[in-house]
Amino acid sequence: MSRALLALLALCASHSSARALHAPSLEAVVPSLEAMVPSLKAMVPDRAASSAPAPEAADRLHLARLRLEGPAEQVTVECGELGRTVWTGNLRAGEVRTLLLPLVAPVDAARAARGELEAVPDEERAVPPWLARRAAPAPPGSSRRLPRTPALALFGAWVAALLLRRSASWVLLAVGLAGATLVALAPTGVSQGRLVRVLDLEGAGPTARWGVTEAAFGSLTVPRRDGEVHCAAAGGLVYWVTEGEPSWRLEAGAGELLVRREALEGRPPVLEPELQALGALERTWLRGAAGWVPCGAWELGAAQPRRDQGAPGGGAPPGWLVAGLPQGYWVAVGELRGQVPGPSTPPAAASWLRAVGRPLDPGSR
Numbered sequence: 008m009s010r011a012l013l014a015l016l017a018l019c020a021s022h023s024s025a026r027a028l029h030a031p032s033l034e035a036v037v038p039s040l041e042a043m044v045p046s047l048k049a050m051v052p053d054r055a056a057s058s059a060p061a062p063e064a065a066d067r068l069h070l071a072r073l074r075l076e077g078p079a080e081q082v083t084v085e086c087g088e089l090g091r092t093v094w095t096g097n098l099r100a101g102e103v104r105t106l107l108l109p110l111v112a113p114v115d116a117a118r119a120a121r122g123e124l125e126a127v128p129d130e131e132r133a134v135p136p137w138l139a140r141r142a143a144p145a146p147p148g149s150s151r152r153l154p155r156t157p158a159l160a161l162f163g164a165w166v167a168a169l170l171l172r173r174s175a176s177w178v179l180l181a182v183g184l185a186g187a188t189l190v191a192l193a194p195t196g197v198s199q200g201r202l203v204r205v206l207d208l209e210g211a212g213p214t215a216r217w218g219v220t221e222a223a224f225g226s227l228t229v230p231r232r233d234g235e236v237h238c239a240a241a242g243g244l245v246y247w248v249t250e251g252e253p254s255w256r257l258e259a260g261a262g263e264l265l266v267r268r269e270a271l272e273g274r275p276p277v278l279e280p281e282l283q284a285l286g287a288l289e290r291t292w293l294r295g296a297a298g299w300v301p302c303g304a305w306e307l308g309a310a311q312p313r314r315d316q317g318a319p320g321g322g323a324p325p326g327w328l329v330a331g332l333p334q335g336y337w338v339a340v341g342e343l344r345g346q347v348p349g350p351s352t353p354p355a356a357a358s359w360l361r362a363v364g365r366p367l368d369p370g371s372r
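So the sequence shown is numbered by our numbering: it starts at 8 and just counts up by one.
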């Protein structure tokens, strides 16, 4: 909506200024301007469509084994319209190897250019329901970036036309149309591959469990282990597998959101109001009986901070971070300082904590 609004404002400004100077001549131009509106609409995408519910994201991580005999340096496994997997390595002549590959579709829908392909159900580990219900992170989105030189030139022409006040209406109209066109055709800047990671915790004491939720636009690094990778794209997904590398690379369109969830093994570090052994948090929000309270930094090995201990003056946690969290439980969310503990993963642009702890005392509600 913002791009369409900017274009409309530019046209309205041109229309108002020109009409004040040469109203009769502008009346003759209005019909032609109305005829140009459909073409302007075609240049400015309708954001109403983007506000409609997004298509449901499906799991695009299916493990398979490919038994391959060399020589081979690159092998492709096609998964129809959904995409493909490309393996690159060095398999010598006569050498036989079984490769573990990620596929964007089940093995039944895949076809390897060479070798024998089979599923590996014994390695598939479903994401637990509690983790699947957690909201996906919100990576930095896309924005229209108007180049500086054309923008300054357009602004200068507009100011000159207004100061002269002798410009014909068609000059002012042309400047307005140029502004609308520049806004409509400005390139979109997408934070491609900028990873946002959330460490999710559930429960307390011996029953505590944890997992990782990650999200990025366009491309995502996937560790060589099972989990779920969700994407709403109808096709064009590519897994790049390079021999010797500890992870796979999934690529999609620049504006496609990729979300990975994985349950971590073992018991998570202690995270209780009295002590946390997880890591340092730059800023923290705690939810108790009184609702959300901003509490500032929470250092490693310390008890939960209080509002009067250097806490910010107010504000709420990011909406996506707290969306859908269960009621009636002590909850801690915050931005982690440094990387998230757990299995080695690629560095993230931002790391967050989302923990649901013990039930609140019924007497304190």
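For each residue, glycine too, the CB sits at the ideal point set by N, CA and C.
Review point. For the 8 Å Cβ check, are there 3 or more pairs between the region 271-289 and the region 80-100?
Key: no
Point to revise | N- and C-terminal bounds of the beta strand (DSSP E) containing Pro109 | key: 103-110
**Study point:** Proximity to Ala239 [Cα-Cα], best of Glu76, Gly90, Glu289, Gly308
**Key:** Gly90
Exercise for review: May I ask whether a heavy atom of the ligand HEM can be found less than 7 Å away from the beta carbon of Ala65?
Suggested key: Of the ligands one can find in the structure shown there are none, so the ligand HEM has no counterpart to examine.
Exercise for review: Could you name the residues of the same chain whose beta carbon sits closer than 7 Å to that of Gly243, not counting the 5 residues immediately before and after it, in chain order?
Suggested key: Gly90, Ala259, Gly260
Review point. Between the beta-carbon of Arg141 and the beta-carbon of Asp207, is there less than 8 Å?
Key: yes
Review point. Quick one: Cα of Glu250 to Cα of Val93, how far?
Key: Their Cα atoms are separated by approximately 11 Å.
Practice item. Kindly indicate which residue of Gly349, Gln346, Trp292 has the alpha-carbon position closest to the one of Ala362. Key: Trp292
Practice item. Take Tyr246 and list the residues in its own chain whose beta-carbon comes closer than 6 Å to its own, dropping the five residues that flank it on each side. Key: Thr92, Pro109, Trp255, Leu257
Practice item. Mind the definition here: the region 66-75 touches the region 110-121 only if three or more C-beta pairs lie below 8 Å; say whether that holds. Key: yes
Review point. Do you know whose CA, among Glu221, Ala100, Ala309, lies nearest Leu264's CA?
Key: Glu221
Exercise for review: State the CB to CB distance for the pair Gly331 and Leu271, rounded to an integer number of angstroms; the pair is presumed to be in contact (CB under 8 Å).
Suggested key: No, Gly331 and Leu271 are not in contact; Cβ-Cβ is about 20 Å, not under 8 Å.
Review point. At which residues does the beta strand (DSSP E) containing Ala145 begin and terminate?
Key: Element bounds for Ala145: n/a, residue is neither H nor E.
Exercise for review: Taking 8 Å as the cut-off, decide whether the C-beta atoms of Ala297 and Leu367 are in contact.
Suggested key: no
Review point. From Arg132, Glu76, Pro135, pick the residue whose C-alpha is nearest to that of Glu123; which is it?
Key: Glu76
Check your understanding: CB Val347 to CB Ala64, shorter than 8 Å?
Key -> no
Practice item. Would you mind sorting Arg290 into buried or exposed? The rule is 16 or more other CB atoms within 10 Å of its CB. Key: buried
Practice item. Could you spell out where the alpha helix (DSSP H) holding Ala139 opens and where it closes? Key: Where Ala139 is concerned, the enclosing alpha helix (DSSP H) stretches over 136-139.
Review point. With burial defined as no fewer than 16 other Cβ atoms inside 10 Å of the residue's Cβ, what is the status of Glu125: buried or exposed?
Key: By the neighbour-count rule (16 or more Cβ atoms within 10 Å), Glu125 is not buried but exposed.
Check your understanding: Between which two residues does the beta strand (DSSP E) harbouring Val236 extend?
Key -> 235-238
Practice item. Leaving out five residues on either side along the sequence, give the residues of the same chain with a beta carbon under 6 Å from the beta carbon of Val205. Key: Pro144, Thr220, Trp359, Arg361
Exercise for review: Give the C-beta separation of Pro350 and Gly322 to the nearest angstrom, bearing in mind that I take them to be a contact with Cβ-Cβ under 8 Å.
Suggested key: Contact annotation, Pro350 with Gly322: C-beta distance approximately 32 Å; criterion of less than 8 Å not satisfied.
**Study point:** Coarse secondary structure for Leu244, derived from DSSP in three states
**Key:** strand
Review point. Can you find a C-beta in chain C that's less than 8 Å from the C-beta of Ala356?
Key: As a matter of chain content, chain C is missing from the structure shown, which is built from one protein chain.
Practice item. Please work out which residues of its chain come closer than 6 Å, Cβ to Cβ, to Pro324, disregarding the five sequence neighbours upstream and downstream, and give them in chain order. Key: Trp292, Val340
Exercise for review: Could you tell me how far apart the beta carbons of Leu343 and Leu307 are, in whole angstroms, since I believe they sit closer than 8 Å?
Suggested key: With a Cβ gap of about 10 Å, Leu343 and Leu307 do not count as contacting.
Review point. Is it true that the CB of Ala215 sits closer than 8 Å to the CB of Arg274?
Key: yes
Review point. Can you give, in chain order, each stretch of the beta strand (DSSP E) that sits fully within the region 288-348 and has at least 3 residues?
Key: 288-295, 298-305, 336-343
Review point. So, is Arg365 buried or exposed, given that buried needs 16 or more other C-beta atoms within 10 angstroms?
Key: exposed
Review point. With 16 as the cutoff for other CB atoms within 10 Å, does Glu269 come out buried or exposed?
Key: buried
Check your understanding: Within 10 angstroms of its Cβ, does Glu41 collect 16 or more other Cβ (buried), or is it exposed?
Key -> Any reading at Glu41 must be qualified, since the residue scores a pLDDT of 42, below 50, and its modelled position is unreliable; the value itself is stated next. That one is exposed.
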